[in-house]
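What follows is one structure encoded as structure tokens, with my remarks underneath.
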Amino acid sequence: MMTILRYSVYALLLLSAVTLMVSFYLGRFVFPHQGLDAISCLNNRDNVIRMQSEPPQNPFSFLVIGDIQSGYGILSKRVLPLARNGCAFAVQTGDLSSHADPGHYALILNEIKKSDVQLPLFVIPGNHDRKEDPDLFERYFKLKQFSFVWSNCLFIFIDNSLGKSLDQQFQFLEQVLEENHQTAHWTFIFMHRPPVKWDHGIPTPDLKRYARFFALKKRYRIDYVISGHIHDYHHAKLDGTTYISNGLETDDEERLANEIYITRVQVTPDKVVIDKQVIPTYFSERFYIYFIDFLVAHLYYPLLGRFF
Numbered sequence: 000m001m002t003i004l005r006y007s008v009y010a011l012l013l014l015s016a017v018t019l020m021v022s023f024y025l026g027r028f029v030f031p032h033q034g035l036d037a038i039s040c041l042n043n044r045d046n047v048i049r050m051q052s053e054p055p056q057n058p059f060s061f062l063v064i065g066d067i068q069s070g071y072g073i074l075s076k077r078v079l080p081l082a083r084n085g086c087a088f089a090v091q092t093g094d095l096s097s098h099a100d101p102g103h104y105a106l107i108l109n110e111i112k113k114s115d116v117q118l119p120l121f122v123i124p125g126n127h128d129r130k131e132d133p134d135l136f137e138r139y140f141k142l143k144q145f146s147f148v149w150s151n152c153l154f155i156f157i158d159n160s161l162g163k164s165l166d167q168q169f170q171f172l173e174q175v176l177e178e179n180h181q182t183a184h185w186t187f188i189f190m191h192r193p194p195v196k197w198d199h200g201i202p203t204p205d206l207k208r209y210a211r212f213f214a215l216k217k218r219y220r221i222d223y224v225i226s227g228h229i230h231d232y233h234h235a236k237l238d239g240t241t242y243i244s245n246g247l248e249t250d251d252e253e254r255l256a257n258e259i260y261i262t263r264v265q266v267t268p269d270k271v272v273i274d275k276q277v278i279p280t281y282f283s284e285r286f287y288i289y290f291i292d293f294l295v296a297h298l299y300y301p302l303l304g305r306f307f
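According to numbering that gives the first Met the number 0, the sequence shown holds residues 0 to 307 in order.
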């Protein structure tokens with residue numbers, strides 16, 4: 000019995016040592032934090048300047064990506080490559096990371112860096128991107144809230160990630176709409192949390208928190224509101240505005256093989272075409288993700304990363 004116990008302890012120590020070594024290798028060399036604040040495609044400020052300097056296109060397309068959270072490898076291998084297929088830019092509507100800490104940011108940002116995306120990737124914050132450390136988002140993406148006009152279209156990006164008072168956001172929205180509503184042919188608004196409730200798949204205004212938004216909508220034409228947060232896909236029109244929510248199919252811990260929903264938007268002067276795309280994920284991918292998540296975000300960065 001003592002021999003079995005002794006060998007069990009040896010095996011446990013060996014397993015712990017191997018786990019620490021693998022964690023160190025992954026965190027130090029595969030998912031390091033160095034250079035992550037200089038990924039050009041993720042700088043919202045530079046992306047705005049870049050788009051405003053681009054000649055207008057007619058027609059053009061852009062890709063909208065919803066909640067990714069722990070879908071690290073899936074993002075770089077099967078989601079972002081879709082944006083290279085004739086898209087002018089891509090938008091990620093928040094919850095890019097599953098937690099706002101250095102380890103989880105390192106995982107997702109290294110995957111984006113590895114994918115070598117050349118077109119602008121606009122990212123707005125979601126609640127998972129900010130709730131532990133609200134300042135981490137701006138370190139890497141620079142702007143939380145911004146707008147630009149390109150190809151006679153107005154694009155507005157709103158930060159409603161933490162669900163607090165939205166007075167500042169509505170003030171910004173009103174100012175941008177007032178300055179551009181007479182010249183913009185189409186107006187697109189992106190935000191993480193939708194301003195509508197999706198009970199039974201039917202959009203109804205969330206007047207408790209977004210009454211001012213709907214008051215502004217009566218004064219200014221808003222064609223599309225695209226958001227994430229809801230772990231499903233919804234697409235419906237209400238009072239002249241089309242609302243789209245896309246992201247992961249579910250974050251139910253008992254379901255490892257989720258679907259990721261992507262929206263491809265094609266814009267012409269006459270119409271906007273919405274193309275829903277579904278990317279299935281598999282158990283093996285989710286298992287790999289949870290394995291890497293533990294070794295890098297929950298082991299290396301909180302423990303070993305303090306010393307290396």
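Glycine is no exception: its CB is placed at the ideal position from the N, C-alpha and C atoms.
For the alpha helix (DSSP H) containing residue i, list its first residue and its last residue.
{"i": "A82", "result": "L79 to A82"}
{"i": "S309", "result": "A question about residue 309 goes unanswered here, because the residues of the chain that appear run from 0 up to 307."}
{"i": "V47", "result": "N43 to S52"}
{"i": "L135", "result": "L135 to F140"}
{"i": "I38", "result": "No alpha helix (DSSP H) contains I38, which DSSP labels as neither H nor E."}
{"i": "F282", "result": "F282 to I291"}
Return yes when the Cβ of residue j is within less than 7 Å of the Cβ of residue i, no when it is not.
{"i": "L106", "j": "V295", "result": "yes"}
{"i": "F189", "j": "T92", "result": "yes"}
{"i": "N309", "j": "Q168", "result": "Absent from the structure is residue 309, since the part of the chain shown begins at 0 and ends at 307."}
{"i": "K141", "j": "R44", "result": "yes"}
{"i": "F147", "j": "V47", "result": "yes"}
{"i": "S52", "j": "G85", "result": "no"}
{"i": "V116", "j": "L79", "result": "yes"}
{"i": "K130", "j": "A99", "result": "yes"}
{"i": "Y300", "j": "G70", "result": "no"}
{"i": "L237", "j": "T186", "result": "no"}
{"i": "L95", "j": "D134", "result": "no"}
{"i": "T203", "j": "I221", "result": "no"}
{"i": "F145", "j": "P119", "result": "no"}
Decide if residue i is buried, meaning its Cβ has at least 16 other Cβ atoms within 10 Å, or exposed.
{"i": "E252", "result": "Only weak support is given to the placement of E252: the predicted model assigns it a pLDDT of 48, under 50, and the question is left unresolved by the model."}
{"i": "E284", "result": "buried"}
{"i": "R5", "result": "exposed"}
{"i": "E177", "result": "exposed"}
Which stretch, first to last residue, makes up the beta strand (DSSP E) that contains residue i?
{"i": "E258", "result": "E258 to V266"}
{"i": "P279", "result": "V271 to P279"}
{"i": "A105", "result": "First-last for A105: P101 to S114, but that is the alpha helix (DSSP H), not the beta strand (DSSP E)."}
{"i": "L153", "result": "C152 to I157"}
{"i": "A87", "result": "C86 to Q91"}
{"i": "S97", "result": "That residue, S97, is in no beta strand (DSSP E); it is neither H nor E in DSSP."}
{"i": "V295", "result": "That residue, V295, is in no beta strand (DSSP E); it is neither H nor E in DSSP."}
{"i": "I67", "result": "Looking at the DSSP string, I67 is not in any beta strand (DSSP E), and its letter there is neither H nor E."}
{"i": "V122", "result": "L120 to V122"}
Subject >> Validate contact between the region 163–173 and the region 262–274 using beta carbons, cut 8 Å, 3 pairs >> reply: no
Original post:
Which parts of the region 163–243 are runs of the alpha helix (DSSP H), unbroken and 4 residues or longer, counting only runs that do not cross its ends?
Top reply: 166–179 and 206–218
**OP:** Answer yes if the region 56–67 comes into contact with the region 225–234, meaning at least three C-beta pairs across the two stretches below 8 Å, and no otherwise.
**Re:** yes
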